[in-house]
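Numbering (the working numbering), first residue to last: 212 to 780.
C-beta: ideal position from N, C-alpha, C; glycine also.
This one's a predicted model, so the numbers in the text were calculated from it and none came from an experiment.
1) Could you tell me the boundaries of the alpha helix (DSSP H) in which residue 537 lies?
2) Quick one: any contact between the segment 269-284 and the segment 322-342, if contact means 3 or more CB pairs under 8 Å?
3) Rounded to whole angstroms, what's the CA-CA distance from residue 757 to residue 736? Just pull it up for me.
4) Indicate the three-state DSSP secondary structure (helix, strand or coil) for residue 255 in the structure shown.
5) Thinking C-alpha only, which one of 394, 429, 595, 652 is nearest residue 356?
6) So the candidates are 388, 364, 372, 322; which of them puts its Cα closest to the Cα of residue 348?
7) Could you check the C-alpha separation between residue 693 and residue 456 for me, to the nearest Å?
8) When DSSP labels each residue in this structure, what does residue 245 get in the three-state scheme?
9) Residue 495 lies in the alpha helix (DSSP H); which residues open and close that run?
10) Out of 413, 583, 428, which one is the CA nearest neighbour of residue 168?
11) In or out: residue 763 buried (at least 16 other Cβ within 10 Å) or exposed?
12) Who are the near neighbours of residue 587 in its chain, counting only those whose CB is closer than 7 Å to its CB and skipping five residues on each side?
13) For residue 466, which three-state DSSP category applies?
14) Would you list the one or two residues that DSSP bridges to residue 458?
15) What is the DSSP secondary structure of residue 757, counted as helix, strand or coil?
16) Just confirm the distance between the C-beta atoms of residue 278 and residue 226, as a whole number of angstroms; I'd bet it's less than 8 Å.
17) Need the endpoints of the alpha helix (DSSP H) that residue 618 sits in, please.
18) Please check the pair residue 546 and residue 595, which I expect to be a contact at CB under 8 Å, by giving their CB distance rounded to whole angstroms.
19) Using a 10 Å radius around the Cβ and a threshold of 16 neighbouring Cβ atoms, would you call residue 562 buried or exposed?
20) Less than 8 Å between the CB atoms is what I'm expecting for residue 450 and residue 487, so what's the real figure, rounded?
21) So, at 7 Å on beta carbons, what are the nonlocal neighbours of residue 634 in its own chain, with the 5 sequence-adjacent residues on each side left out?
22) Which residue's Cα is closest to the Cα of residue 327: 318, 302, 314, 490?
23) Give every residue of the same chain whose Cβ lies closer than 7 Å to the Cβ of residue 272, excluding the five residues on either side of it in the sequence, and list them in chain order.
24) First and last residue of the alpha helix (DSSP H) that includes residue 395?
25) Under a Cβ-count criterion, where at least 16 other Cβ atoms within 10 Å of its own Cβ denotes burial, should residue 247 be classed as buried or exposed?
26) If you draw a straight line from the alpha carbon of residue 223 to that of residue 264, how long is it in whole angstroms?
27) List the endpoints of the continuous alpha helix (DSSP H) containing residue 522.
28) By how many angstroms is the C-alpha of residue 491 removed from the C-alpha of residue 350?
29) Residue 291 and residue 346: beta carbons closer than 8 Å?
30) Roughly how many angstroms lie between the CA atoms of residue 275 and residue 286, to the nearest whole one?
31) Could you check the C-alpha separation between residue 620 and residue 521 for me, to the nearest Å?
32) Give the DSSP-derived three-state secondary structure of residue 337 in the structure shown.
33) Between which two residues does the alpha helix (DSSP H) harbouring residue 557 extend?
34) Leaving out the 5 sequence neighbours to the left and right, which residues in its chain are closer than 6 Å to residue 443 when beta-carbon positions are compared?
35) Could you tell me the distance, in whole angstroms, from the CA atom of residue 641 to the CA atom of residue 496?
36) Output yes or no for whether 8 Å exceeds the beta carbon distance between residue 598 and residue 529.
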């Protein structure tokens, strides 16, 4: 363990330095293309612009903070050095996804993200981690196959670069790009793997499952936004279903990490909806602000779980203002930013995103779903804040909690600053000429009204229970992610094992007699009879010949034959 201290310090300090440097270049709007010819005709190209520089700056900042956070959180873990190396390799894979100009090098980073995320999810090597890692790996392999098909299709154009003119010929790869993106970003019907991946250590969730891996799909769609015209309606439907489904599920969930994961899915659905509505820059804006406060929220959740004897039930974490005051402040700042509280990071991006979606000729159903999803996000955010501050908690009588670890506190400072001022700063950088968004009064008050209703519902749910008392059966399955966990893993494995056992019984029973084994047995028996008839030698042949002669003589002798009938009266 002598390498542990300098390793996490060098890793976190280097990544934060890279983050600040790239962030400065991104703020200045630097654009650069670097080409390296590997062999004749094969060129490796990297592309720097404000989108890639700012995004990788955020990734590096979060990764550096997470590594520094893990120096204390996982300080007694025997595999802590391995964890740090995996995080660094994850950032290296993210580098290829962010800065690569062609699909071949993007595939290298894309596969690297999937591989490292699987290793990090199964870090604890227990049954739940292995099951979650398998669902994660198989879901992401679907996206990898879609990227491979994209490479094959783009090869017909003579270039793998996504910067070429794809307005006409590029429409054929839109479905493949969307398929790759929704698997990585855990949209419907691939939503089950992200909550299952919460079996990983909390620093993994803060880095991988909040702001980097799951946002790689959104980043890919931002780069390919010119070719999404033909699939916008389908992408919008998937995004709204994901947002609504996960928002409802988050109001019923009691696992702290899963609540944060479901809120991530909800925000990813909002980003996908913005892309489908034709606002890639606004989706990118919300991607950056969401990454800052969501990573902070995961880190605070990990600290609370660690101080609560590894209990993840949010009903047992009350009284943070007394036991963990600094963590409680950081957590509620991040939570209110997620809710869209005024003048925090989420307020600038989320409110603008919702307003622009409402302006995009939306129908009544779309407007209702957007308003309902915004209200539900306020429900689980306020519920989490209420339980953390007002809740009584279920701490042990002789258990003491401390919030004086300098590594834990310092790792949250930069992310906390980003959660407060990140939205206003990035809004001036990304939108140089800001214009007022004018909405009709009905739409303008829709967001505010939905948030107020959500706040009230959150307080009611915190004090009076959930939406439904019984979460089992069909109604409970609808509440809990629309049976997605069952359809993704439990149903397939639960039905596959009985079918395999039935097949084994059939193969060992009458199917064996009717198939190859039965034919073999029949041929073996008949051939044995024939072989036995040939083993008598000369003696058997003489006897057979004598019998044949006797029968022949009897048949050829002209004897007399009589036929008698006897009548019985």
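Quick look at the numbers:
1) Counted from its first residue, the chain shown places residue 537 at position 326. Annotation for residue 537: the continuous alpha helix (DSSP H) segment containing it runs 536-550.
2) The segment 269-284 is not in contact with the segment 322-342.
3) The residue you call residue 757 lines up with position 546 of the chain shown. The residue you call residue 736 lines up with position 525 of the chain shown. Rounded to whole angstroms, residue 757 to residue 736 spans 28 Å at the Cα level.
4) Position 44 of the chain shown holds residue 255. Residue state, collapsed to three classes: strand.
5) Position 145 of the chain shown, counting from 1, holds the residue named residue 356. For the residues 394, 429, 595, 652, the minimum Cα distance to residue 356 belongs to 394.
6) Residue numbering aside, residue 348 sits at position 137 when the chain shown is read from its first letter. Nearest of 388, 364, 372, 322 to residue 348, Cα basis: 322.
7) Position 482 of the chain shown, counted from the start, is the residue given in the question as residue 693. Position 245 of the chain shown, counted from the start, is the residue given in the question as residue 456. Rounded to whole angstroms, the gap between the alpha carbons of residue 693 and residue 456 is 7 Å.
8) What you label residue 245 is simply residue 34 of the chain shown in a count that begins at 1. Looking at residue 245 - three-state DSSP - the assignment turns out to be strand.
9) Stepping through the chain shown from its first residue, residue 495 is reached at position 284. Where residue 495 is concerned, the enclosing alpha helix (DSSP H) starts and stops at 491-518.
10) With the chain covering 212 to 780 only, the question about residue 168 has no answer from this structure.
11) Locating residue 763 in the chain shown gives position 552, counting from the first residue. Flag for residue 763 reads exposed.
12) Reading the chain shown from its first residue, position 376 is the one you call residue 587. Here the set comprises 458, 459, 462, 665.
13) One-based indexing of the chain shown puts residue 466 at position 255. Strand.
14) In the chain shown, residue 458 corresponds to position 247, counting from 1. Note: residue 458 sits in no beta bridge, so no partner.
15) For this step, residue 757 is matched to residue 546 along the chain shown. In the structure shown, residue 757 falls within a helical segment according to DSSP collapsed to helix, strand and coil.
16) Position 67 of the chain shown, counted from the first residue, corresponds to residue 278. Position 15 of the chain shown, counted from the first residue, corresponds to residue 226. Confirmed, about 7 Å.
17) Within the chain shown, numbered from 1, the residue matching residue 618 stands at position 407. Its alpha helix (DSSP H) spans residues 617-641.
18) Within the chain shown, numbered from 1, the residue matching residue 546 stands at position 335. Within the chain shown, numbered from 1, the residue matching residue 595 stands at position 384. Rounded to the nearest angstrom, the Cβ distance from residue 546 to residue 595 is 6 Å, consistent with a contact under 8 Å.
19) Locating residue 562 in the chain shown gives position 351, counting from the first residue. Of the residues assessed, residue 562 falls on the buried side of the cut-off, its CB having 16 or more other CB atoms within 10 angstroms.
20) As a first step, residue 450 must be located in the chain shown, where it is residue number 239. As a first step, residue 487 must be located in the chain shown, where it is residue number 276. Between residue 487 and residue 450 the Cβ distance is about 6 Å, and since that is below 8 Å, they are a contact.
21) Against the chain shown, residue 634 aligns to sequence position 423. Cβ contact annotation for residue 634 (same chain, cutoff 7 Å, sequence separation greater than five): 500, 555, 556, 557, 558, 559, 560, in chain order.
22) In the chain shown, the residue the question calls residue 327 occupies position 116. Of the candidates 318, 302, 314, 490, the one whose C-alpha sits nearest the C-alpha of residue 327 is 302.
23) Start at 1 with the first residue of the chain shown, and residue 272 comes out as number 61. Correct list, in chain order: 227, 230, 625.
24) Counting from one through the chain shown, the residue named residue 395 turns up at place 184. Bounds of the alpha helix (DSSP H) holding residue 395 are 385-395.
25) Locating residue 247 in the chain shown gives position 36, where the first residue counts as 1. Burial call: exposed.
26) To locate residue 223, count along the chain shown from 1; it is residue 12. To locate residue 264, count along the chain shown from 1; it is residue 53. Spanning the two alpha carbons is a distance of roughly 18 Å.
27) Translated into positions along the chain shown, residue 522 becomes position 311. Residue 522 -> no alpha helix (DSSP H), and no H or E assigned at all.
28) Taking the chain shown and counting its residues from 1, one reaches residue 350 at position 139. Taking the chain shown and counting its residues from 1, one reaches residue 491 at position 280. So the two alpha carbons sit approximately 25 Å from each other.
29) The residue given as residue 291 occupies position 80 in the chain shown. The residue given as residue 346 occupies position 135 in the chain shown. No, the pair does not count as a contact, with Cβ atoms beyond the cut-off.
30) As a first step, residue 275 is located in the chain shown; it is residue number 64 there, counting from the start. As a first step, residue 286 is located in the chain shown; it is residue number 75 there, counting from the start. Computed Cα separation, rounded: 16 Å.
31) Residue numbering aside, residue 620 sits at position 409 when the chain shown is read from its first letter. Residue numbering aside, residue 521 sits at position 310 when the chain shown is read from its first letter. Computed Cα separation, rounded: 20 Å.
32) The residue labelled residue 337 in the question sits at position 126 within the chain shown. Coil.
33) For the purposes of this step, residue 557 is taken as the residue at position 346 of the chain shown. Membership of residue 557 in the alpha helix (DSSP H) is indicated by the continuous run 556-570.
34) By 1-based counting over the chain shown, the position of residue 443 is 232. Setting aside the 5 residues that flank it on each side, residue 443 is surrounded in the same chain by 487, each with a C-beta closer than 6 Å to its C-beta; the list follows chain order.
35) Here residue 641 refers to the residue found at position 430 when the chain shown is read from its first residue. Here residue 496 refers to the residue found at position 285 when the chain shown is read from its first residue. When rounded, the distance between both Cα atoms is 8 Å.
36) In the chain shown, counting from the first residue as 1, residue 598 sits at position 387. In the chain shown, counting from the first residue as 1, residue 529 sits at position 318. Their beta carbons are under 8 Å apart, which means residue 598 touches residue 529 by this criterion.
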